[in-house]
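*Asks:* Before we start, here is the structure in question, set down as structure tokens.
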Ligand SMILES: Cc1cc2nc3c(=O)[nH]c(=O)nc-3n(C[C@H](O)[C@H](O)[C@H](O)COP(=O)(O)O)c2cc1C
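In this note's numbering, the protein residues as written are 1 to 361.
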């Protein structure tokens with residue numbers, strides 16, 4: 001199956017595995033998707049430059065096909081010691097319950113984006129993608145000079161137009177069904193919850209670079225629908241999150257496989273930034289602190305010890321269980337099986353759709 005994007009990326013099928021920071025996108029998963037004809041992608045937002053280099057080299061050992069690396073564009077955040085202390089007081093009850101020390105030291109927030117970018121350039125990765133904003137013109141130009149294909153994330157038409165002006169080669173249109181953090185950067189997230197079905201054709205009409213549909217796409221049906229909307233490929237996260245090669249915690253995978261389309265909610269309580277995940281006790285209980293949550297990445301750092309201890313203790317209710325709304329369609333399969341099943345289904349569908357039309361002579 002050939003589209004503008006498969007030609008440009010030199011991949012066989014228009015399926016991108018979503019970059020998923022925090023552990024799911026292991027070198028095994030990224031390489032398995034690329035080896036199966038899609039584009040694997042490493043979610044490297046939380047990794048140090050050294051960790052990125054190591055992971056990229058591991059992927060290169062497992063595949064000679066193209067793959068991507070994804071980073072978080074740093075955003076300005078307001079740091080208030082008062083709100084950090086207040087939030088720590090709210091969080092201490094979870095720490096007490098989990099038997100970990102209260103009021104943890106916040107790490108010094110050192111911005112390593114430039115160094116992370118440097119590794120992508122030095123390792124000559126085929127694709128660089130990003131979310132949460134637009135990197136400087138220098139970064140985008142350096143990628144292009146090095147022949148690296150650049151993909152930005154948009155949740156509105158306005159963001160997509162800004163990305164095209166900045167010189168990206170393709171745009172991921174992230175609909176509100178999507179699991180994980182919302183990529184919104186020009187509007188508040190609440191204003192930017194446009195569903196994939198509505199978002200994709202509007203971005204396609206207003207931009208001239210290939211568009212990648214993302215959010216709630218789990219199989220060949222979502223792929224065919226996205227192509228019909230004008231997308232050049234899809235990016236699937238939740239479908240691969242539950243795969244065998246995914247590094248997601250076993251409890252996270254179990255929850256995905258046992259949850260329904262109405263099991264998720266968009267929350268800011270884990271990280272200070274809107275993200276969609278399976279509803280947990282933590283999300284429910286923290287609702288009373290609405291309006292007092294420190295910005296990302298401060299809240300993310302404040303809840304790190306809780307999420308980690310909960311994962312170790314096997315308590316999913318205090319873990320962040322990012323997932324999109326396509327949950328019921330998730331399956332316990334290998335990445336290659338997900339790729340094959342989706343492509344077989346898409347091809348069958350496209351062939352059978354011809355019979356919907358009666359041609360009158
Ligand atoms: C666990 C998880 C982590 C994610 N991390 C990232 C990330 O690091 N960078 C990024 O651009 N998108 C990230 N996303 C969003 C995906 O790129 C994509 O928009 C989303 O998974 C699509 O929706 P779906 O999960 O319904 O397929 C993440 C999604 C999930 C589920």
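All C-beta atoms in this analysis are idealised placements derived from N, C-alpha and C, irrespective of residue type, glycine included.
Treat the numbers as computed from the prediction; the structure is a model and nothing was measured.
DSSP three-state label for residue 33, please.
*Replies:* The answer is helix: DSSP assigns residue 33 an H, G or I state.
*Asks:* Are residue 194 and residue 180 close, meaning C-beta to C-beta below 8 Å?
*Replies:* Their beta carbons are not under 8 Å apart, which means residue 194 does not touch residue 180 by this criterion.
*Asks:* For the pair the segment 214–221 and the segment 231–247, tell me if three or more CB-CB distances fall below 8 Å.
*Replies:* The answer is yes - the segment 231–247 touches the segment 214–221, with three or more Cβ pairs under 8 Å.
*Asks:* Drop a sphere of 10 angstroms on the beta-carbon of residue 57, count the other beta-carbons inside from all chains shown, and report buried for 16 or more, exposed for fewer.
*Replies:* It is exposed - the Cβ of residue 57 has fewer than 16 other Cβ atoms within 10 Å.
*Asks:* Given that a residue counts as buried once 16 or more other Cβ atoms are within 10 Å of its Cβ, and exposed if not, what is residue 286?
*Replies:* Buried.
*Asks:* Could you check the C-alpha separation between residue 64 and residue 281 for me, to the nearest Å?
*Replies:* C-alpha separation (whole angstroms): 43 Å.
*Asks:* Between the alpha carbons of residue 82 and residue 275, how many angstroms are there, rounded?
*Replies:* If I take the Cα positions, the gap works out to 25 Å.
*Asks:* Tell me whether the beta-carbon of residue 140 lies closer than 8 Å to the beta-carbon of residue 154.
*Replies:* Taking 8 Å as the Cβ cut-off, residue 140 and residue 154 do not qualify as a contacting pair.
*Asks:* What residue does the alpha helix (DSSP H) around residue 196 start on, and which one ends it?
*Replies:* Residue 196 -> alpha helix (DSSP H) spans 196–206.
*Asks:* Residues bridged to residue 211 by DSSP?
*Replies:* BP columns for residue 211 point to 171.
*Asks:* By Cβ distance below 6 Å, which residues in the same chain neighbour residue 252 in space, the five residues on each side in sequence not counted?
*Replies:* 321, listed in sequence order.
*Asks:* Going along the chain, which unbroken runs of the alpha helix (DSSP H) with 4 or more residues stay wholly within the segment 14–95?
*Replies:* The qualifying runs are 27–35 and 49–62.
*Asks:* Quick one: Cα of residue 345 to Cα of residue 9, how far?
*Replies:* Each residue's Cα considered, the two are about 23 Å apart.
*Asks:* If we call anything under 8 Å between Cβ atoms a contact, is residue 158 one with residue 207?
*Replies:* Result no, Cβ atoms of residue 158 and residue 207 do not sit closer than 8 Å.
*Asks:* Using alpha carbons as the reference points, say which of 109, 128, 355 and 270 lies closest to residue 91.
*Replies:* It is 270.
*Asks:* For the beta strand (DSSP E) holding residue 276, just list the boundary residues, first then last.
*Replies:* Here the beta strand (DSSP E) through residue 276 covers 275–278.
*Asks:* With a cut-off of 8 Å on the beta carbons, I'd call residue 388 and residue 39 a contact; round off their distance for me.
*Replies:* The displayed coordinates of the chain run from 1 to 361. Any statement about residue 388 would go beyond what the structure contains.
*Asks:* How would you label residue 109, buried or exposed, when you count the other beta carbons within 10 angstroms and need 16 or more for buried?
*Replies:* Counting Cβ neighbours within 10 Å, residue 109 comes out exposed, since fewer than 16 surround it.
*Asks:* Express the C-alpha separation of residue 234 and residue 15 in angstroms, rounding to a whole number.
*Replies:* Each residue's Cα considered, the two are about 5 Å apart.
*Asks:* From residue 105 to residue 161, what distance separates their C-alpha atoms?
*Replies:* So the alpha carbons of these two residues sit roughly 40 Å apart.
*Asks:* How close, in whole Å, do the beta carbons of residue 27 and residue 52 come, if the pair is a contact with beta carbons under 8 Å?
*Replies:* The Cβ separation is near 11 Å, so there is no contact.
*Asks:* Let me know if residue 177 comes out buried or exposed under the rule of 16 or more other beta-carbons within 10 Å of its beta-carbon.
*Replies:* Buried: at least 16 other Cβ atoms inside 10 Å.
*Asks:* Report, in whole angstroms, the separation of the C-beta atoms of residue 152 and residue 132, which I expect to be a contact under 8 Å.
*Replies:* With a Cβ gap of about 10 Å, residue 152 and residue 132 do not count as contacting.
*Asks:* Do residue 29 and residue 245 have their C-beta atoms closer together than 8 Å?
*Replies:* In this structure, residue 245 lies closer than 8 Å to residue 29 by Cβ.
*Asks:* In whole angstroms, give me the CA-to-CA distance for residue 264 and residue 349.
*Replies:* Spanning the two alpha carbons is a distance of roughly 29 Å.
*Asks:* Would residue 296 be called buried (16 or more neighbouring beta carbons within 10 Å of its own) or exposed?
*Replies:* The residue is buried, with at least 16 neighbouring Cβ atoms inside 10 Å.
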